[in-house]
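J.:
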Amino acid sequence: MHQERFCTRSQKQSFAWPMKSRKLYYRGAWLVHQALEAFYATRQVPYDQQLYLHSDSFGYSRLQSHGIDYQAQRTMAQVAEKLEIYQQEMQDFTTFLKYTYLPIDAR
């Protein structure tokens with residue numbers, strides 16, 4: 001952020017919100033990574049089935065399976081089979097989050 005030193009006061013204030021947003025984003029991403037580490041600490045599944053937080057160049061993120069990028073090379077039958085496996089992994093992670101991080105009365 002060397003640019004901030006050479007900006008006017010109003011220009012510096014315009015950096016404030018993006019910086020806050022960035023900090024919130026990284027905090028949220030860190031929490032997701034911590035949850036994924038806990039989820040996979042005792043879970044053995046193939047690499048393509050494992051979930052990760054994918055961040056794109058536009059600043060958006062999504063949780064997806066490592067193997068999702070290879071779906072285009074598969075037959076329709078393989079795509080359907082893998083999609084079901086990937087969806088089940090996502091459901092298992094959701095259940096893990098629910099029972100690990102939510103209070104009992106919120107389940």
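Counting in the UniProt record's numbering, the sequence shown runs from 1 upward without gaps. Each residue gets a CB set at the ideal place from its N, CA and C atoms; glycine is no exception.
Could you pull the DSSP bridge partners for residue 52 from this structure?
T.: Bridge partners of residue 52: 64.
J.: Distance, Cα to Cα, residue 30 vs residue 55?
T.: In a straight line, the C-alpha of residue 30 is about 13 Å away from that of residue 55.
J.: Measuring only the C-alpha atoms, how far is residue 100 from residue 79?
T.: Using only the alpha carbons, I get a separation of about 31 Å.
J.: Within its chain, find whatever has a CB closer than 6 Å to the CB of residue 62; leave out the 5 residues flanking it on each side and keep chain order.
T.: Around residue 62: 54.
J.: How far does the alpha helix (DSSP H) with residue 99 in it extend, from its first residue to its last?
T.: Per DSSP, residue 99 belongs to the alpha helix (DSSP H) from 76 to 101.
J.: When you compare the stretch 87 to 101 with the stretch 33 to 42, are there three or more beta-carbon pairs, one atom per stretch, that lie closer than 8 Å?
T.: Yes, the stretch 87 to 101 is in contact with the stretch 33 to 42.
J.: Using CA atoms only, rank isn't needed, just tell me which of 59, 87, 82 is closest to residue 23.
T.: Here the closest residue by C-alpha is 59.
J.: Look up residue 73 in the DSSP assignment and say whether it is helix, strand or coil.
T.: Three-state result, residue 73: helix.
J.: Count the other CB atoms, across all protein chains shown, that sit within 10 Å of the CB of residue 18; report buried if there are 16 or more and exposed otherwise.
T.: Burial call: exposed.
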